[in-house]
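The structure under discussion appears below in the form of structure tokens.
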Amino acid sequence: MNDRSDLEVRHGTRTIDGDIVFYREAGPETAPVLLLPHGYPCSSYQYRRLMPALADRWRTVAPDFPGFGYSGTPDPARFGYDFDAYATFLERFTDALELGSYALWLHDYGSQIGLRHAIAHPSRIRALIIQNGDIYADALGPKYETIRRFWRDPSPANRAPLEQAVSEDGFRAEFVGEVDDDVARRVPPDLWKLHWPLMDTPVRRALSVGLMEKLKANLDCFPRYQAYLREQRPPAMILWGPKDEYMPEPAARAYLRDLPEAELHLLNDAGHWLLETHFEVALPLVRRFLGEVLQ
1 MNDRSDLEVR HGTRTIDGDI VFYREAGPET APVLLLPHGY PCSSYQYRRL
51 MPALADRWRT VAPDFPGFGY SGTPDPARFG YDFDAYATFL ERFTDALELG
101 SYALWLHDYG SQIGLRHAIA HPSRIRALII QNGDIYADAL GPKYETIRRF
151 WRDPSPANRA PLEQAVSEDG FRAEFVGEVD DDVARRVPPD LWKLHWPLMD
201 TPVRRALSVG LMEKLKANLD CFPRYQAYLR EQRPPAMILW GPKDEYMPEP
251 AARAYLRDLP EAELHLLNDA GHWLLETHFE VALPLVRRFL GEVLQ
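Just so we're aligned, residue 1 is where the sequence shown starts under UniProt numbering, counting upward by one.
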């Protein structure tokens, strides 16, 4: 029987490359591991419900990336704040916690970072849970047009919408702006009310805009991600909210090109943040899948 403390989320810090890293974990230290990189504009907070709900059988670990949440904000002169820098961080973090192998959750920016990590360390990856993370350029949704306009013409006028998005109102729009009102009411305002004050510093606002700018270069990595999936064929479950104007339903189905044996679950009225709005539907699917791939 698990100790009661194993079933609760524990909060800790590690010093990695001289910087304080905050992370959450739950479950016994000897249990199979699910690694949970977070998305934008959030932190490990997005997994606060999932982690204790899995803790009876699995160890879940979720760090705050540098410059997000409760982790430190390294000087940009020594930390790149790009997808490669975050992939290197994920390697350092998993090494520091001595995580030898794990299932990997891929969501939002965490999908780009996580897949870079998987390519560098394929033997560590036991399975993937893919939740609204885009890696197919031909399946990107209409909301990318604002960013594409900046990529085509990086003028101050075209950069302004990216800067305006890094705000409390912009964060709110990311969390509730695409789903129907009855679904949006399930999203707690804590997601933007609590996270925006943590991000409202000059360095953090700049890194948030910078990541949007760097998505253009990240598109060049999409074929590498696809090749990894095609060649390694990790067991995978695709869990998707199709009401996502960045990553609509075709972005989910595109994964089946390279992972034809993957499970696909489309939660019809869910959007990008389905763990907030459709948790009770998603949890049994996650538990069954992990029970099959993480013994």
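Glycine residues also receive a C-beta, built at the ideal position from the N, C-alpha and C atoms.
**Request:** Measure the Cβ-Cβ separation of Ala184 and Leu239 and say whether it is below 8 Å.
**Result:** no
**Message:** Could you pull the DSSP bridge partners for Glu263 from this structure?
**Reply:** Met237
**Prompt:** What three-state label does DSSP hand Leu140 in the structure shown?
**Reply:** coil
**Message:** Applying the 10 Å Cβ sphere with the 16-neighbour rule, what's the burial state of Asp180?
**Reply:** exposed
**Item:** Leu36 beta carbon less than 8 Å from that of Ala62
**Value:** Closer than 8 Å, so yes.
**Asked** Any idea what DSSP makes of Thr13, helix, strand or coil?
**Response** Thr13: strand per DSSP, three-state reduction.
**Request:** Evaluate contact between the region 211–220 and the region 78–93, counting only Cβ atoms and requiring at least three cross-stretch pairs below 8 Å.
**Result:** yes
**Request:** Give a yes or no on whether the C-beta atoms belonging to Met237 and Phe289 are separated by under 8 Å.
**Result:** Closer than 8 Å, so yes.
**Message:** Please identify the residue among Ala87, Cys42, Arg14 and His11 whose C-alpha is closest to the C-alpha of Met199.
**Reply:** Cys42
**Asked** Considering only C-alpha positions, which residue in the set Thr88, Glu8 and Glu245 is nearest to Gly177?
**Response** Checked all of Thr88, Glu8 and Glu245; the closest Cα to Gly177 is Glu245.
**Request:** Taking Gly67 as the reference, give the member of Phe22, Ala26 and Pro28 with the closest Cα.
**Result:** Ranking Phe22, Ala26 and Pro28 by Cα distance to Gly67 puts Phe22 first.
**Prompt:** Do you know how far the Cα of Tyr102 is from the Cα of Glu25?
**Reply:** 14 Å
**Prompt:** Buried or exposed: where does Glu8 fall if 16 or more other Cβ atoms within 10 Å of its Cβ makes it buried?
**Reply:** exposed
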